[in-house]
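In my numbering, the protein residues as written are 25 to 225.
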């Protein structure tokens with residue numbers, strides 16, 4: 025009886041030790057809003073690209089170095105921070121013709137899976153919500169970088185994510201036809217997220 029009990033206790037201890045590394049491998053990082061931006065590019069008049077960015081990004085990254093499939097990301101972007109370098113255009117983009125920031129003050133992303141792609145980079149698929157409409161989008165990741173310690177003792181890492189979306193899918197529909205053919209604003213929007221992550225000691 026004593027031998028059986030002893031073996032049972034050892035089995036419990038070994039199971040606990042085996043589980044501990046996987047639990048410890050997942051680290052929680054915060055997106056640093058002061059060092060994060062969402063850049064975008066869209067075709068204008070069929071001849072050039074208009075570029076801009078959103079700031080005001082916040083969110084959490086739970087990252088597992090030993091198994092990236094256990095990692096997850098949740099982020100939000102303040103739509104009112106849009107900036108293309110032209111005040112009149114930015115006012116138009118904030119209006120109901122485009123983002124309607126008065127009603128939809130945030131766009132959000134919640135990951136559903138992160139995995140290794142065929143080209144060796146990581147792919148993150150999740151739900152992107154713009155103007156209250158949600159569609160699944162896949163981002164290609166560059167990073168995360170190896171952590172470094174900042175002057176205040178925090179750990180920091182960086183990651184970039186790129187994707188292309190169709191703005192029409194999110195009810196960002198305004199457009200006008202050109203006399204010679206084509207439209208004023210392209211439908212495809214290229215997105216690049218540049219994020220700095222921070223973890224306090």
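Backbone N, C-alpha and C define an ideal beta-carbon position, used for all residues, glycine too.
A quick note: this is a predicted structure, and the numbers were derived from the prediction, not measured.
Q. Is there contact here, the segment 64–73 with the segment 199–216, by at least three beta-carbon pairs under 8 Å?
A. yes
Q) Hey, how far is the Cα of residue 137 from the Cα of residue 56? A) 22 Å
Q) Among 54, 50, 49, which has the Cα closest to the Cα of residue 183? A) 54
Q: Could you tell me whether the Cβ atoms of residue 133 and residue 152 are closer together than 7 Å?
A: yes
Q. To the nearest whole angstrom, what separates the beta carbons of residue 61 and residue 218, a pair I think is in contact under 8 Å?
A. 6 Å
Q. What is the residue span of the beta strand (DSSP E) that residue 165 lies within?
A. 157–166
Q) In the structure shown, what three-state DSSP assignment does residue 121 receive? A) coil
Q.
Quick check: what's the CA-CA separation for residue 105 versus residue 78?
A. 5 Å
Q: Return helix, strand or coil for residue 170, following the three-state DSSP convention.
A: coil
Q) When we look at the beta-carbon of residue 200 and count the other beta-carbons within 10 Å, is it buried (16 or more) or exposed? A) exposed
Q. From what residue to what residue does the alpha helix (DSSP H) around residue 181 run?
A. Element bounds for residue 181: not the alpha helix (DSSP H) but the beta strand (DSSP E), 179–190.
Q. Does DSSP put residue 60 in a helix, a strand or coil?
A. strand
Q) Under a three-way DSSP split, which group does residue 201 fall into? A) strand
**Q.** Alpha-carbon to alpha-carbon, residue 118 and residue 212
**A.** 18 Å
(Q) According to DSSP, is residue 133 part of a helix, a strand, or is it coil? (A) strand
Q. Span of the beta strand (DSSP E) holding residue 49?
A. Run containing residue 49: none in the beta strand (DSSP E); it sits in the alpha helix (DSSP H), 26–49.
Q | For residue 90, the three-state DSSP class (helix, strand or coil) | A | coil
Q.
Taking its Cβ as the centre, do 16 or more other Cβ atoms sit within 10 Å of residue 95, making it buried, or is it exposed?
A. buried
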